[in-house]
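Each step along the sequence shown adds one to the number in the numbering used here, with nothing skipped, and position 132 is 1056. Think of the CB as a built atom: it goes at the ideal place given N, C-alpha and C, for glycine as much as any other residue. Bear in mind that the values here come from a model prediction, so they are computed numbers and not experimental data.
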Amino acid sequence: MLYLVAGLIVMEKNCVICNKIFTPTKYRPQAQEVCSDPVCQHKRQLENMKRWRRNNPHYFRQDEIRGVYWRELYRRRIRRWRKEHPEYFKKYRDRYKAQHREYMREYMRRYRNVKKRMLQQAEPQPPISDILS
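Right under this line is the structure:
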């Protein structure tokens, strides 16, 4: 069936993952191959990541490829920059102090809640004296 979407005539398509009929989005109707179902979108993203990793096998190994000499040079460069700009991190911390404090409060709140849940779910252990006797 044909539709008019954003001034373009668009035909319904079959999703390449679930094979259901769908109407493509108005933004890129010719290129869309997957329906908007979250499961299909997730599978599409996984396939795209696999393809990208297959085409770029050394992307995440740049530091290993560059070698020990490059890493040492990089460390020296960072140390030199930090010595030349000692006030940078102090100013940064002062500028974002309130945001960092709020972040840490929320982080610790979540951490304590997770810890509490784990303790509640854990089975109570018998006293060691009961085990030994």
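Could you give the first and the last residue of the continuous alpha helix (DSSP H) run that contains residue i?
{"i": "D1018", "result": "1011 to 1019"}
{"i": "C964", "result": "962 to 979"}
Assuming residue i and residue j form a contact by the criterion Cβ under 8 Å, report the distance between their Cβ atoms to the nearest whole angstrom.
{"i": "C964", "j": "I941", "result": "4 Å"}
{"i": "E936", "j": "T949", "result": "In fact, because the Cβ distance is near 13 Å, the residues do not count as touching under 8 Å."}
Below 8 Å CB to CB, which residues in the same chain sit around residue i once its five sequence neighbours on both sides are set aside?
{"i": "M1042", "result": "none"}
Which residues in the same chain have their Cβ closer than 7 Å to the Cβ of residue i, if we skip the five residues on either side of it in sequence?
{"i": "C959", "result": "C939, C942, K944, F946"}
| query | Taking three-plus beta-carbon pairs below 8 Å as touching, is the region 960 to 969 in contact with the region 990 to 1005? | reply | Flag = no, the region 960 to 969 and the region 990 to 1005 do not touch.
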